[in-house]
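Numbering-wise (the numbering used here), the sequence shown opens with residue 49 and increments by one. For reference, the structure discussed in these notes is given below.
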Amino acid sequence: MTGARPTPRRIDTHGTNCWIYVPADGSETGVSAEIAAETAAEIAAETAVSRGAGGSHGARKPCFLIDPGACPDDIIRNVERLNLYPTHILLTHGHFDHIGALPDVAAYYGNQGIQTIAIHEADALYLGKDSRDAHRRCWSAAAGNADYIEAHWKPQPDPTLPLRDGDRVGSLRILHVPGHTPGSAAFFDEEARVLFSGDCLFKNAIGRTDLPGGDARLIRDSLNRLFALGDDIMVYPGHGGTTVIGAERRFYGGAFPGDL
Ligand SMILES: [Zn+2]
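Structure below.
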């Protein structure tokens with residue numbers, strides 16, 4: 049690629065990283081340039097009207113929003129401060145700490161005509177209005193009770209874009225990396241060398257596999273797949289700091305052995 053590598057922006061939502069990602073100029077988020085320009089103009093007009101006056105908000109740029117875990121007001125405020133609008137809400141997996149803000153964020157942007165909610169089909173059980181029991185079971189396994197779910201539950205929207213391994217969403221390729229959950233996915237911008245690894249790979253740590261649907265053998269294979277993508281790739285995980293594939297590959301001695 050030419051030019052600067054695009055840098056995702058992080059919003060810390062109670063310990064989960066929500067990423068705002070604007071692909072490099074010339075890349076698409078999956079919406080055609082014409083539609084993006086029209087939509088941006090419509091939103092700018094609506095926003096100017098609804099806010100009453102004054103300043104022009106200009107044409108917003110499209111972005112991806114990854115894992116709106118909590119704090120929907122913070123997420124929306126940051127997206128607006130950057131003069132962006134999300135064409136897609138992408139979910140690395142369905143755990144509640146990655147989707148807690150989804151009902152409010154999806155409603156806010158859905159009301160503006162933008163609502164693509166994408167998750168791997170094997171984690172789709174965590175979305176939709178009937179997903180509360182799945183969240184209760186999962187949170188209880190992690191925390192011993194489901195109090196957090198009861199305190200923060202809002203009906204989840206349905207996914208609108210089921211993801212499968214190899215799919216492309218704009219400049220991002222979908223990598224199915226099961227193990228933390230059956231439907232865990234990583235999002236890879238090959239051109240920009242940027243990877244959103246969800247709860248599969250963290251800085252000097254890997255995702256837990258003791259929750260419902262977790263599988264230690266599968267996460268081993270998923271991690272080795274990520275390590276093979278290239279040492280130069282910047283990694284933006286679901287929790288904690290950023291890293292690069294080469295540093296993680298060396299941290300784990302090159303690859304995970306067969307008998308993890
Ligand atoms: Zn998780």
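All C-beta atoms in this analysis are idealised placements derived from N, C-alpha and C, irrespective of residue type, glycine included. Just so we're clear, the structure is a prediction, and the values are computed from it rather than from any experiment.
Span separating the alpha-carbon of residue i from that of residue j
i    : j    : result
I114 : I68  : 6 Å
P54  : K109 : 14 Å
D263 : G231 : 11 Å
L310 : A155 : Missing from the structure shown is residue 310; the chain here goes from 49 to 308 and no further.
T291 : G255 : 15 Å
E128 : T64  : 20 Å
V59  : G302 : Looking at the sequence provided, one finds Ile at residue 59 rather than Val. Spanning the two alpha carbons is a distance of roughly 31 Å.
R184 : H168 : 20 Å
H105 : R125 : Here the model assigns H105 a pLDDT of 38, short of 50, so the residue's position is not dependable, and the following value carries that caveat. Using only the alpha carbons, I get a separation of about 14 Å.
A194 : S188 : 5 Å
R297 : G192 : 33 Å
S75  : W201 : 36 Å
C119 : L173 : 23 Å
H240 : G117 : One point to set straight first is that residue 240 is Ala, not His, in the sequence displayed. Each residue's Cα considered, the two are about 25 Å apart.
F250 : V242 : 14 Å
N131 : P305 : 46 Å
H146 : H62  : 10 Å
A182 : G286 : 20 Å
R265 : D178 : 30 Å
D269 : F236 : 17 Å
I267 : A253 : 12 Å
N272 : V217 : 23 Å
F299 : I281 : 15 Å
I222 : E238 : 11 Å
Q204 : R180 : 8 Å
Whole-number beta carbon distance between residue j and residue i, since they are thought to touch under 8 Å
i    : j    : result
V153 : I123 : 6 Å
L175 : G142 : 7 Å
D274 : V225 : For clarity, residue 274 is Leu in the given sequence; the question names Asp instead. Yes, they are in contact, since the Cβ atoms of L274 and V225 sit about 7 Å apart, within 8 Å.
D279 : G294 : 3 Å
Nearest residue (CA-CA) to residue i, options the options
i    : options          : result
A234 : A253, A240, G214 : G214
D258 : H228, F275, D181 : H228
L220 : F112, A52, P285  : F112
D171 : I293, G261, R268 : G261
D73  : A52, M282, D121  : A52
A190 : F144, Q160, P56  : F144
Residue i Cβ short of 8 Å to ligand 3 heavy atom set
i    : result
N272 : Within the structure as shown, ligand 3 is missing, the only ligands being ligand 1.
Contact set, ligand 1 heavy atom to C-beta under 7 Å: H141, H143, D145, H146, H228, T229, D247, G255, G286
contact_flag[the stretch 133–147, the stretch 155–168] where n(CB pairs < 8 Å) is 3 or more: yes
Using a Cβ distance threshold of 8 Å, determine whether the stretch 202–212 contacts the stretch 244–264, with at least three qualifying pairs required. no
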